[in-house]
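Worksheet: the structure to be examined is printed underneath.
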Amino acid sequence: SNTSHLAEMGEEKLPTYFVLNASRLVSATEIKHYDSHEKREVVSPFWLPPGPVVVGITAGASCPNNLIEETLIRLFELRGISRARLETAA
266 SNTSHLAEMG EEKLPTYFVL NASRLVSATE IKHYDSHEKR EVVSPFWLPP
316 GPVVVGITAG ASCPNNLIEE TLIRLFELRG ISRARLETAA
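Residue 336 in this note's numbering sits at position 71 of the sequence shown, and the numbers go up by one each step.
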């Protein structure tokens with residue numbers, strides 16, 4: 266798929282996590298993601314380092330926009346920023 270190919274390109278240079286949806290961002294210390302080498306979903310600890318970070322999010326053309334949006338919102342929630350606060354800022 267396009268999304269898996271994007272993940273393969275990303276992992277060549279950066280920590281990369283291919284997630285199905287926002288629920289896979291379990292906590293700031295646990296993420297469930299697809300490992301293309303093992304061909305299964307795995308759990309990785311300590312994926313989101315403390316402090317400021319730069320996060321890139323990409324998705325294949327067939328990935329619904331709402332899945333991308335929910336994943337972004339979940340990422341902010343893991344940093345203590347609520348959906349309501351994001352909507353107020355928009």
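Don't be surprised by glycine CBs; every beta carbon is placed ideally from N, CA and C.
To the nearest whole angstrom, what separates the beta carbons of residue i and residue j, a pair I think is in contact under 8 Å?
i	j	result
L351	F341	6 Å
L271	T323	5 Å
G325	T268	4 Å
Express the C-alpha separation of residue j and residue i in angstroms, rounding to a whole number.
i	j	result
Y282	V318	15 Å
L337	K297	16 Å
E335	A287	6 Å
E295	P310	5 Å
K278	C328	23 Å
G345	M274	30 Å
Please work out which residues of its chain come closer than 8 Å, Cβ to Cβ, to residue i, disregarding the five sequence neighbours upstream and downstream, and give them in chain order.
i	result
L343	L290, S292, A293, L313
Which residues does DSSP pair with residue i in a beta bridge?
i	result
I296	S309
F283	Y299
Leaving out five residues on either side along the sequence, give the residues of the same chain with a beta carbon under 6 Å from the beta carbon of residue i.
i	result
V307	D300
R339	A287, L290
Go through its chain and collect everything with a Cβ distance to residue i's Cβ below 7 Å, but skip five positions before and after it.
i	result
S347	none
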